[in-house]
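K.L.:
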Amino acid sequence: MFDDRSPIYQQIADGIKNDIVSGVLGEEEQVMSTNQYAAFYRINPATAAKGFQLLTDEGILYKKRGIGMFVSPQAKGMLLEQRRERFFEEVVDKMAAEAKVIGIPVMDIVKRLEQLNGGEEQ
Amino acid sequence: MTITIEVSRLGLLYDKSAKALDDVTFRMEGGKIYGLLGRNGSGKTSLLSILASFQQQTSGEVRIDGEAPYENERIVNQVCFIQENGYLSESFKVRDVIKLASDCWPNWDADYADRLLNQFELPAKKQIMALSRGMKSALGVTIGLASRAPITIFDEAYLGMDAPSRYYFYEELLKDYMEHPRTIILSTHLIEEVSDLFEEVLILDKGKLVLQEEADKLRSRGSAIIGPADAVDQFAEGLTILSEQKLGGTKSITVFGELGAEREKRATADGLTIGPVSLQDLFVHLTRKGIGSDERKHG
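Structure, rendered in structure tokens:
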């Protein structure tokens, strides 16, 4: 299940972030408990709790005492902004570097993007 | 209620020259799942049997809930030690063993024991000697779980079980641990299967404690680097190299220690690939012959 380079708790946190960005988890919605996560992925609950801690530190989740963890009202906005900031560095720059190595001209990439976006753009 | 284990400068001699345990010091906070890893003959079972008061150390101290456990009635029934072949008598029936266990452990949950026996399809009337290896293991696991002892130790206890039974055990262990937090110590060779259950890991080698660390942290400290040999060598400067392999101009190494964001960035720029190292691989590299023990010791 977890064979990515990042630690398991990081992957749990990333999974929750993805759910928030894609809308699977709504703002103010309750998140499954660390124990449910632990049982589901068969991992130590302390590991799952670390993932949750990461998200509370970032303000993505907040705790309602005695009830559980909830998605912050500003979570989606924050995450979208972070991803937009990282988009060029992590996606575009990498693609450009790969294109250069294998000899794809920039214009071809632009053309492709225009094709993909054609419907919406015009 | 959870119980702390403190071990200080523990030593155990087989005879005058052979040390089963050599100056072992650690502390186990109560309520966590620990993985105790070591090669055959590294001293795991010696250590665990001292914790369980099955034998006494030659030197050093053990404190369980603040007291020495050996021949200490208050502590003895707080520790449940399950070994692969730990039965008093092969002529006992399954239900005799269960009855005995229920008298031993104050927190014994009879309903839970029944459920587990059922799940493992263990016939109550069968004699221990008539059980297969896998069934004996399942009986041990049943006793360990149903004991609900504040310190429960499984010493290779589930090796004889087939994969579906082992997976059932892992799930049950995790579930019951979350409902009834207690200290669980798992000593195992099947590291890959259980490593995600560990909160902390202790590695023993030749009777010495190599390290004690949070499982997540330990995992994050191992990296596999692969790329052009020169670049790999340059990258590895100042890092502890656990293993290296060469294939033509390509080199692959396993390193131990934080890389840091700066180094990781440089690696990508230099055309190196950084990959994870599993706990099992780290364990293999850390306990392989010929690696200096001083280099490896970190807090």
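For the protein sequence lines, the chains are E and G, in the order given.
In this text, residue positions in the first sequence follow our numbering: the first is 4, and each later residue adds one.
In this text, residue positions in the second sequence follow our numbering: the first is 744, and each later residue adds one.
Ideal Cβ positions, reconstructed from N, Cα and C, are used throughout, including at glycine.
Have a look at the DSSP bridge pairing and note the partners of Y777(G).
P.N.:
For the purposes of this step, residue 777(G) is taken as residue 34 along the second sequence, with counting starting at 1. Note: Y777(G) sits in a beta bridge opposite I928(G), E943(G).
K.L.:
Let's test the definition: count the other Cβ atoms within 10 Å of the Cβ of T993(G) and tell me whether it reaches 16, buried, or not, exposed.
P.N.:
What you label residue 993(G) is simply residue 250 of the second sequence in a count that begins at 1. Exposed: under 16 other Cβ atoms inside 10 Å.
K.L.:
Step through the CB atoms of chain G and report whether any lies within less than 8 Å of the CB of N21(E).
P.N.:
Within the first sequence, residue 21(E) is the residue found at index 18, counting from 1. Closer than 8 Å: no.
K.L.:
Can you name the residues of chain E whose CB is closer than 9 Å to the CB of V771(G)?
P.N.:
Within the second sequence, numbered from 1, the residue matching residue 771(G) stands at position 28. Val is not the amino acid found at residue 771(G); the sequence shown has Met there. What M771(G) touches in chain E: nothing, since even the nearest Cβ is about 14 Å away.
K.L.:
For L791(G), I'd like the list of residues in its chain whose CB is within less than 8 Å of its CB, leaving aside the five on either flank, ordered along the chain.
P.N.:
Numbered from 1 along the second sequence, position 48 holds the residue referred to as residue 791(G). Excluding sequence neighbours, L791(G) sits near L779, F824, I896, D898, I928, S930.
K.L.:
Would the beta-carbon of L1022(G) fall within 8 Å of that of A958(G)?
P.N.:
The sequence position of residue 1022(G) within the second sequence is 279, counting from 1. The sequence position of residue 958(G) within the second sequence is 215, counting from 1. Yes; because the gap between Cβ atoms is below 8 Å, this pair is in contact.
K.L.:
Considering only residues of the same chain and omitting the five flanking positions on each side of A78(E), which have a CB-CB separation below 8 Å?
P.N.:
Within the first sequence, the letter at position 75 stands for residue 78(E). For A78(E), where only same-chain residues beyond five positions count, the Cβ hits under 8 Å are I23, E30, G62, I63, L64.
K.L.:
Report the residues of the region 835-857 of chain G with a CB closer than 7 Å to any CB of chain E, ordered along the chain.
P.N.:
none
K.L.:
Could you tell me the distance, in whole angstroms, from the CA atom of K762(G) to the CA atom of T1030(G)?
P.N.:
Working through the second sequence from its first residue, we reach residue 762(G) at position 19. Working through the second sequence from its first residue, we reach residue 1030(G) at position 287. Using only the alpha carbons, I get a separation of about 17 Å.
K.L.:
Considering just the uninterrupted stretch of the beta strand (DSSP E) at F1026(G), what are its terminal residues?
P.N.:
As a working mapping, residue 1026(G) is identified with position 283 in the second sequence. Per DSSP, F1026(G) belongs to no beta strand (DSSP E); it is in the alpha helix (DSSP H), 1022-1029.
K.L.:
Looking at the strands, I want to know which residues DSSP matches up with C823(G).
P.N.:
As a first step, residue 823(G) must be located in the second sequence, where it is residue number 80. BP columns for C823(G) point to T895(G).
K.L.:
Determine, using beta carbons only, whether R45(E) comes closer than 8 Å to chain G.
P.N.:
Position 42 of the first sequence, counted from the start, is the residue given in the question as residue 45(E). Output row for R45(E): interface = yes.
K.L.:
Give the residues of chain G in contact with Y12(E), contact being defined as C-beta atoms less than 7 Å apart.
P.N.:
In the first sequence, residue 12(E) corresponds to position 9, counting from 1. D959, listed in chain order.
K.L.:
Can you find the residues in the same chain that come closer than 8 Å, C-beta to C-beta, to K1040(G), ignoring five residues on each side of it along the sequence?
P.N.:
Here residue 1040(G) refers to the residue found at position 297 of the second sequence. With a pLDDT of only 41 at K1040(G), under 50, the local geometry of the prediction cannot be trusted, and the value read off the model is given with reservation. Cβ within range, chain order: V953, L954.
K.L.:
Assign G1035(G) to one of two classes, buried (16 or more other C-beta atoms within 10 Å of its C-beta) or exposed (fewer than that).
P.N.:
Along the second sequence, one-based indexing puts residue 1035(G) at 292. Confidence at G1035(G) is low in this model, with a pLDDT of 45, below 50, so the placement of that residue should be treated as unreliable; the coordinate-derived value is given next. With fewer than 16 Cβ atoms within 10 Å of its Cβ, G1035(G) is classed as exposed.
K.L.:
Would you mind telling me which residues of chain E sit closer than 8 Å to E915(G), beta carbon to beta carbon, in chain order?
P.N.:
For this step, residue 915(G) is matched to residue 172 along the second sequence. Those within 8 Å of E915(G) in chain E number zero; the least Cβ separation is about 11 Å.
K.L.:
So is F1026(G) buried or exposed if we call it buried at 16+ other beta carbons inside 10 Å?
P.N.:
Taking the second sequence and counting its residues from 1, one reaches residue 1026(G) at position 283. Buried, because 16 or more other Cβ atoms sit within 10 Å of the Cβ of F1026(G).
K.L.:
In angstroms, rounded to a whole number, what distance separates the CA positions of D1037(G) and I793(G)?
P.N.:
The count along the second sequence starts at 1 and reaches residue 1037(G) at position 294. The count along the second sequence starts at 1 and reaches residue 793(G) at position 50. Unreliable placement is indicated for D1037(G), whose pLDDT of 43 sits below 50; the coordinate value is still reported in the next sentence. Cα to Cα, D1037(G) sits roughly 26 Å from I793(G).
K.L.:
Distance check for N828(G) and K879(G), CA to CA, integer angstroms please.
P.N.:
In the second sequence, residue 879(G) corresponds to position 136, counting from 1. In the second sequence, residue 828(G) corresponds to position 85, counting from 1. When rounded, the distance between both Cα atoms is 8 Å.
K.L.:
Start and end of the alpha helix (DSSP H) containing V104(E)?
P.N.:
Indexing the first sequence from 1 puts residue 104(E) at position 101. Run containing V104(E): 96-105, per the alpha helix (DSSP H) assignment.
K.L.:
Who does L764(G) pair with in a DSSP beta bridge?
P.N.:
Within the second sequence, numbered from 1, the residue matching residue 764(G) stands at position 21. For L764(G), which the question treats as bridged, DSSP gives the partners L755(G).
K.L.:
At which residues does the beta strand (DSSP E) containing F999(G) begin and terminate?
P.N.:
Counting from 1 along the second sequence, the entry for residue 999(G) is found at position 256. Note, F999(G): beta strand (DSSP E), 993-999.
K.L.:
Name the chain E residues that come within less than 7 Å of R962(G), Cβ to Cβ?
P.N.:
Start at 1 with the first residue of the second sequence, and residue 962(G) comes out as number 219. Result: P10.
K.L.:
Output, in sequence order along the chain, the residues in the region 960-988 of chain G whose CB is closer than 7 Å to any CB in chain E.
P.N.:
The region 960-988 of chain G vs chain E, Cβ under 7 Å: R962, S963.
K.L.:
Under 8 Å Cβ to Cβ from G754(G), same chain only, skipping five residues before and after it: list those, please.
P.N.:
Numbered from its first residue, the second sequence carries residue 754(G) at position 11. Listed in chain order, the non-local C-beta contacts of G754(G) below 8 Å within the same chain comprise K762, L764, D765, D766, V767, Q800, T801, S802, G803, local neighbours out to five positions each way being set aside.
K.L.:
What's the C-alpha gap between R45(E) and Q39(E)?
P.N.:
By one-based count along the first sequence, residue 45(E) stands at place 42. By one-based count along the first sequence, residue 39(E) stands at place 36. Going by the C-alpha atoms only, they are around 9 Å apart.
K.L.:
Return the residue from the list P907(G), C847(G), I996(G) that minimises the CA-CA distance to R891(G).
P.N.:
Position 148 of the second sequence holds residue 891(G). Minimum Cα distance to R891(G) is reached at C847(G).
K.L.:
What residue from R68(E), A52(E), V109(E), I105(E) has the CA that sits closest to Q13(E)'s CA?
P.N.:
As a working note, residue 13(E) is residue 10 in the first sequence. Minimum Cα distance to Q13(E) is reached at A52(E).
K.L.:
Do you know whose CA, among D976(G), I984(G), D948(G), R925(G), lies nearest L888(G)'s CA?
P.N.:
Numbered from 1 along the second sequence, position 145 holds the residue referred to as residue 888(G). If we check each option's Cα against that of L888(G), R925(G) comes out closest.
K.L.:
Starting from G71(E), follow its DSSP beta bridges and name the residues at the other end.
P.N.:
Taking the first sequence and counting its residues from 1, one reaches residue 71(E) at position 68. Note: G71(E) sits in a beta bridge opposite K67(E).
K.L.:
Grouping DSSP H, G and I as helix and E and B as strand, with all else coil, what is Q14(E)?
P.N.:
Along the first sequence, one-based indexing puts residue 14(E) at 11. Q14(E): helix per DSSP, three-state reduction.
K.L.:
Mind checking which residues open and close the beta strand (DSSP E) that includes K951(G)?
P.N.:
The count along the second sequence starts at 1 and reaches residue 951(G) at position 208. First-last of the beta strand (DSSP E) with K951(G): 951-957.
K.L.:
Comparing the C-beta of N120(E) with each C-beta of chain G, is any distance below 8 Å?
P.N.:
For the purposes of this step, residue 120(E) is taken as residue 117 along the first sequence, with counting starting at 1. Output row for N120(E): interface = no.
K.L.:
Which residues, in order along the region 41-73 of chain E, keep a beta-carbon less than 7 Å from a beta-carbon of chain G?
P.N.:
A41, A42, R45, I46, N47, P48, A49, T50, K53
K.L.:
On the CB-based measure, 16 or more other CB atoms within 10 Å of its CB, does T37(E) come out buried or exposed?
P.N.:
The count along the first sequence starts at 1 and reaches residue 37(E) at position 34. Label assigned to T37(E): buried.
K.L.:
Using a Cβ cut-off of 8 Å (strictly closer), state whether I734(G) contacts chain E.
P.N.:
Outside the displayed range of chain G (744 to 1042) lies residue 734(G), so it cannot be described from this structure.
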